[in-house]
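Remarks on the structure that follows.
Protein chains in written order, with this note's numbering: chain A, 1 to 261; chain B, 262 to 527.
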């Protein structure tokens with residue numbers, strides 16, 4: 001059964017320059033972030049959204065999380081419509097955003113997680129063991145009682161993942177989750193993602209990283225300038241290089257690294 | 262209900278922890294309280310004992326007026342700052358993805374902001390009485406009644422500021438208006454009867470006027486809750502109109518921000 005469904009989704013961002021725009025150079029017009037995009041993601045499936053900057057990956061994740069609403073088409077999660085039943089969707093979805101500093105700086109990692117767990121209606125008696133579990137899974141056990149204002153980029157990123165996991169979402173949204181992680185933490189994270197899929201979680205992961213896509217993806221969505229160029233399964237053992245070739249062939253962009261070789 | 266209390270507890274704990282970890286914050290607040298009260302004390306001495314607005318001494322008149330006014334404005338300011346900070350750090354978008362409805366989250370957060378400033382107000386009054394010998398004849402039941410009915414108006418004010426911040430990134434404009442215009446009209450420093458008739462009528466349309474007047478009568482004159490029924494009814498009326506309006510405005514502005522993608526703009 002499909003848990004996340006996009007049907008002909010269109011999202012446009014309109015730029016409204018200031019009243020005295022002649023004083024500066026603020027652009028007007030609009031940016032079409034997603035053009036009639038349709039896809040679905042099933043239970044226990046890891047779907048990777050691949051594409052260059054500005055291709056619409058983050059917009060797609062924000063639409064699923066209900067932070068954004070579509071201009072046309074429909075977004076459904078677990079059978080609920082994002083326009084009409086946003087509350088029901090938010091109970092199912094966990095999101096780890098690319099913004100590192102989306103925490104309360106003068107609270108510790110554990111206190112931040114306790115706060116978000118309360119807002120996510122995690123039962124009080126379940127909070128402490130769940131927080132302990134996600135801190136362990138993200139390698140933050142030793143920093144649990146450190147104020148997050150003292151965290152490095154990578155630690156912020158791991159805490160973002162921990163926050164998304166603590167509510168045990170049926171749909172997990174990850175925006176460039178390993179951008180600031182070291183090699184060991186990245187490898188551990190990929191294992192965690194596959195384990196979550198094994199527990200029936202639907203994972204949608206936006207990335208530029210071909211190795212990451214090859215490591216975790218069941219299926220690949222290739223976005224380019226708001227359009228869905230490809231929606232195909234990723235074969236077991238398909239290499240990062242194979243995905244890289246596919247990406248450049250489909251987008252028509254020039255792979256400068258290959259030119260040097 | 263349990264869930265709402267649990268969330269309120271989490272928000273209060275977050276704000277309390279943040280406040281106590283800003284180690285200098287309490288000291289700065291205390292110094293501010295004593296400096297302001299000292300200024301009003303010497304101002305009232307300079308004016309002399311003959312000036313008794315509404316039949317009460319001028320220092321306690323000033324103490325209650327500025328205390329209640331500051332409670333309203335600083336609470337709205339604290340709440341607005343929290344929204345602005347959440348926009349700047351990206352926390353607001355994440356908060357909007359939790360299982361808590363956005364309007365519920367905003368109301369609970371504003372209650373927390375007002376709770377902190379209620380403590381400041383009590384410290385302010387206590388210092389005025391204990392240190393500067395302000396003469397009071399409090400009817401505590403009436404004081405509590407005024408506070409409870411004023412809180413709905415204060416919440417509406419905070420939510421309106423948050424609405425403007427989300428919609429136009431200009432919540433501080435509302436507070437500027439409050440900081441100047443309403444300060445002048447609400448009888449903070451002098452009785453509104455001193456104003457020209459048209460301005461006095463305008464002052465009577467400002468909810469804060471009733472909150473300040475009510476608190477003066479409850480705290481300084483010890484009027485009973487029955488004697489204060491008209492003032493309490495006026496406060497309740499303002500609350501009943503303003504709070505639903507503010508919540509509806511907030512709901513609309515949040516939906517618009519989700520449509521336009523401007524939730525984290527600041």
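The beta carbon of each residue, even a glycine, is placed where N, CA and C say it ideally should be.
Straight-line gap, residue 401 of chain B to residue 115 of chain A (C-alpha atoms, nearest Å): Numbered from its first residue, the second chain carries residue 401 of chain B at position 140. Numbered from its first residue, the first chain carries residue 115 of chain A at position 115. Rounded to whole angstroms, residue 401 of chain B to residue 115 of chain A spans 35 Å at the Cα level.
Buried versus exposed, by CB contacts within 10 Å (16 or more), residue 283 of chain B: The sequence position of residue 283 of chain B within the second chain is 22, counting from 1. Residue 283 of chain B comes out exposed.
Exposure label - residue 145 of chain A; buried when at least 16 CB within 10 Å: For the purposes of this step, residue 145 of chain A is taken as residue 145 along the first chain, with counting starting at 1. Per the 10 Å Cβ criterion, exposed.
Alpha helix (DSSP H) runs wholly inside the region 107 to 139 of chain A, at least 4 long, in chain order: 109 to 119 and 124 to 137
Burial state of residue 155 of chain A (16 or more Cβ within 10 Å): The residue labelled residue 155 of chain A in the question sits at position 155 within the first chain. That one is buried.
Residues of the region 50 to 67 of chain A with Cβ closer than 9 Å to any Cβ of chain B, in chain order: 59, 62, 65, 66 and 67
Inside the region 144 to 229 of chain A only - alpha helix (DSSP H) runs reaching at least 4 residues: 153 to 166, 183 to 198 and 210 to 216
Residue 174 of chain A to residue 424 of chain B span [Cα, whole Å]: Here the question's residue 174 of chain A lines up with position 174 in the first chain. Here the question's residue 424 of chain B lines up with position 163 in the second chain. Answer to the nearest angstrom: the Cα atoms are 29 Å apart.
Residue 398 of chain B versus B:265, B:360 and B:484, residue with shortest Cα-Cα distance: To locate residue 398 of chain B, count along the second chain from 1; it is residue 137. Per the Cα distances, B:484.
Residues that DSSP places opposite residue 14 of chain A in a beta bridge: Walking along the first chain from the start, residue 14 of chain A turns up at place 14. For residue 14 of chain A, which the question treats as bridged, DSSP gives the partners A:30.
Opening and closing residue of the alpha helix (DSSP H) in which residue 604 of chain B lies: Beyond the ends of chain B as shown, which are 262 and 527, falls residue 604 of chain B; an answer cannot be given.
Test: residue 285 of chain B CB closer than 8 Å to a CB of chain A: Position 24 of the second chain, counted from the start, is the residue given in the question as residue 285 of chain B. With 8 Å as the cut-off, residue 285 of chain B does not count as an interface residue toward chain A.
Bridge partner(s) assigned by DSSP for residue 370 of chain B: To locate residue 370 of chain B, count along the second chain from 1; it is residue 109. None; residue 370 of chain B has no bridge partner.
Proximity test, Cβ basis, 8 Å: residue 268 of chain B and chain A: Along the second chain, one-based indexing puts residue 268 of chain B at 7. It does: the Cβ of residue 268 of chain B has a partner Cβ on chain A nearer than 8 Å.
Cα-Cα separation between residue 328 of chain B and residue 335 of chain B, rounded to whole angstroms: Walking along the second chain from the start, residue 328 of chain B turns up at place 67. Walking along the second chain from the start, residue 335 of chain B turns up at place 74. About 10 Å.
Identity of the residues DSSP links to residue 95 of chain A by a beta bridge: The residue you call residue 95 of chain A lines up with position 95 of the first chain. BP columns for residue 95 of chain A point to A:173.
Per-residue DSSP class, three states only, for residue 516 of chain B: For the purposes of this step, residue 516 of chain B is identified with residue 255 of the second chain, where counting begins at 1. In this structure, residue 516 of chain B counts as helix in the three-state DSSP scheme.
The region 471 to 492 of chain B: positions lying closer than 9 Å to chain A by Cβ: none
Below-8 Å beta-carbon distance, residue 264 of chain A vs any chain B residue: A query on residue 264 of chain A cannot be resolved here, the shown segment of chain A reaching from 1 to 261 and no further.
Uninterrupted alpha helix (DSSP H) stretches inside the region 421 to 453 of chain B (no shorter than 4 residues): 432 to 438
Short Cβ contact (8 Å threshold) for residue 359 of chain B with residue 120 of chain A: By one-based count along the second chain, residue 359 of chain B stands at place 98. By one-based count along the first chain, residue 120 of chain A stands at place 120. Yes; because the gap between Cβ atoms is below 8 Å, this pair is in contact.
Identity of the residue in A:82, A:167 and A:85 nearest residue 96 of chain A by Cα: Mapped onto the first chain, residue 96 of chain A falls at position 96. When only C-alpha atoms are compared, the closest one is A:167.
Where residue 354 of chain B falls: helix, strand or coil (DSSP): Looking up residue 354 of chain B in the second chain gives position 93. Residue 354 of chain B falls in the helix class under three-state DSSP.
Residue 409 of chain B burial status per 10 Å Cβ neighbour count (16 or more: buried): As a working mapping, residue 409 of chain B is identified with position 148 in the second chain. The residue is exposed, with fewer than 16 neighbouring Cβ atoms inside 10 Å.
C-beta neighbour in chain B for residue 126 of chain A, strict 8 Å: If you number the first chain from 1, residue 126 of chain A lands on position 126. Not an interface residue.
Cβ neighbour criterion (16 or more within 10 Å) applied to residue 441 of chain B: For the purposes of this step, residue 441 of chain B is taken as the residue at position 180 of the second chain. By the 10 Å Cβ count, residue 441 of chain B comes out exposed.
Segments of 4+ residues assigned as alpha helix (DSSP H) that fall wholly inside the region 45 to 79 of chain A: 57 to 65
Residues near residue 188 of chain A by beta carbon distance below 8 Å, same chain, minus five either side: Position 188 of the first chain, counted from the first residue, corresponds to residue 188 of chain A. Excluding positions up to five away in sequence, the list reads 139.
Any chain A beta carbon closer than 8 Å to residue 292 of chain B: Within the second chain, the letter at position 31 stands for residue 292 of chain B. Cβ-Cβ to chain A under 8 Å: no for residue 292 of chain B.
DSSP-derived helix/strand/coil call for residue 378 of chain B: Mapped onto the second chain, residue 378 of chain B falls at position 117. DSSP places residue 378 of chain B in helix when its eight states are reduced to three.
Those residues which DSSP pairs with residue 7 of chain A across a bridge: Position 7 of the first chain, counting from 1, holds the residue named residue 7 of chain A. Residue 7 of chain A pairs with A:74.
For residue 309 of chain B, the three-state DSSP class (helix, strand or coil): What you label residue 309 of chain B is simply residue 48 of the second chain in a count that begins at 1. Coil.
Beta-carbon proximity of residue 102 of chain A to residue 352 of chain B, cut-off 8 Å: Residue 102 of chain A sits at position 102 when you count from the first residue of the first chain. Residue 352 of chain B sits at position 91 when you count from the first residue of the second chain. The answer is yes: Cβ separation under 8 Å.
Nonlocal neighbours in the same chain, by C-beta distance under 8 Å from residue 451 of chain B, ignoring five residues either side: Residue mapping note: residue 451 of chain B aligns to position 190 of the second chain, counting from 1. Hits under 8 Å: 314.
Short CB-CB distance (under 8 Å) between residue 135 of chain A and chain B: Along the first chain, one-based indexing puts residue 135 of chain A at 135. No, residue 135 of chain A lies away from the interface with chain B (no Cβ there is under 8 Å from its Cβ).
Short CB-CB distance (under 8 Å) between residue 520 of chain B and chain A: One-based indexing of the second chain puts residue 520 of chain B at position 259. For residue 520 of chain B, the answer is yes, since a Cβ of chain A falls inside 8 Å of its Cβ.
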